[in-house]
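Peer 1: So that you can map any letter, position 21 of the sequence shown is 21 in UniProt numbering, and since no number is skipped, the others follow by simple counting. All residues carry an ideal CB built from backbone N, CA and C; glycine is no exception.
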Amino acid sequence: PYVSVSTLAILFVFLFYPLWRFFFRLQREVSTVKMIFAIELVLVSNFKLVNEIRTRFQFYLLYYAVVNRTYLHFKEFCRHLHNTYTAVCEYK
1 PYVSVSTLAI LFVFLFYPLW RFFFRLQREV STVKMIFAIE LVLVSNFKLV NEIRTRFQFY
61 LLYYAVVNRT YLHFKEFCRH LHNTYTAVCE YK
């Protein structure tokens, strides 16, 4: 079937770009988690910290922040898809 260039461009802008942005942000969060994990490993393993429990709790808070940010990215992506769908339905 014949698909116009403008349709492809609109599809790219409204579908692929947000998807790409979401995965890019996800990748960034994953690298953040790796970094946090590495620091935690060095701190807690090598130096038997006096307040190890508190230190671990702080790291869990950092992990939670990353998960929360990822959830927000996903929510934004879903909202974008919903808005696109609504716009297409109204256009028809």
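(1) Where does the unbroken alpha helix (DSSP H) through leucine 11 begin, and where does it stop?
(2) Of the choices Asn83, Tyr71, His82, Ala87, whose alpha-carbon is the least far from that of valine 30?
(3) Alpha carbon to alpha carbon, what distance is there between phenylalanine 37 and tyrosine 64?
(4) How far does the alpha helix (DSSP H) with phenylalanine 37 in it extend, from its first residue to its last?
(5) Alpha carbon to alpha carbon, what distance is there between glutamine 27 and phenylalanine 14?
(6) Taking 8 Å as the threshold (C-beta atoms), are glutamate 40 and phenylalanine 59 in contact?
Peer 2: So, from the listed chains and residues:
(1) Here residue 11 is taken as the residue at index 11 of the sequence shown, counted from 1. Looking at the DSSP string, the run of the alpha helix (DSSP H) that includes leucine 11 is 5-11.
(2) Within the sequence shown, numbered from 1, the residue matching residue 30 stands at position 30. Looking from the CA of valine 30, the closest CA among Asn83, Tyr71, His82, Ala87 belongs to Tyr71.
(3) The residue labelled residue 64 in the question sits at position 64 within the sequence shown. The residue labelled residue 37 in the question sits at position 37 within the sequence shown. Straight across, the Cα-Cα distance linking tyrosine 64 with phenylalanine 37 is about 13 Å.
(4) Taking the first residue of the sequence shown as 1, we reach residue 37 at position 37. Per DSSP, phenylalanine 37 is one residue of the alpha helix (DSSP H) stretching across 17-41.
(5) To locate residue 14, count along the sequence shown from 1; it is residue 14. To locate residue 27, count along the sequence shown from 1; it is residue 27. Cα to Cα, phenylalanine 14 sits roughly 21 Å from glutamine 27.
(6) The residue given as residue 59 occupies position 59 in the sequence shown. The residue given as residue 40 occupies position 40 in the sequence shown. In this structure, phenylalanine 59 lies near glutamate 40, with their beta-carbon atoms less than 8 Å apart.
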